[in-house]
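Quick look at the structure:
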């Protein structure tokens, strides 16, 4: 699964560099497409990371119910950091 994900990611990165290369006239071709690729990659990785974080936190709470409050707090802080990846990507897209 991970090998397929990295292969698709590598192919998307290679394709986006070719699609967004400068045309002979000096105009940038398809900036909207590169923005869409950036947001799609950031959102996809953000979703994967959040899923793994929540799964690990729930497993930890199930194994040690006494530490559930500390695990939940650490999970929420971690989810905020993971979500900031997508927000920063969106901010960079709008600033471009």
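Numbering (this note's numbering), first residue to last: -10 to 85.
In this text, a Cβ means the ideal position worked out from N, Cα and C, and glycines have one as well.
In this text the structure is predicted, and so the values were computed from the model without any measurement.
Would you kindly work out how many angstroms separate the C-alpha atoms of residue i and residue j, rounded to a whole number?
i	j	result
residue 82	residue 24	6 Å
residue 47	residue 61	9 Å
residue 63	residue 33	22 Å
Is the distance from the Cβ of residue i to the Cβ of residue j below 8 Å?
i	j	result
residue 42	residue 68	yes
residue 78	residue 28	yes
Look up residue i in the DSSP assignment and say whether it is helix, strand or coil.
i	result
residue 85	coil
residue 1	helix
residue 28	helix
residue 50	helix
Q | At least three beta-carbon pairs within less than 8 Å, the stretch 33 to 41 to the stretch 61 to 77 | A | Below 8 Å, enough C-beta pairs join the stretch 33 to 41 and the stretch 61 to 77 to call them touching: three or more.
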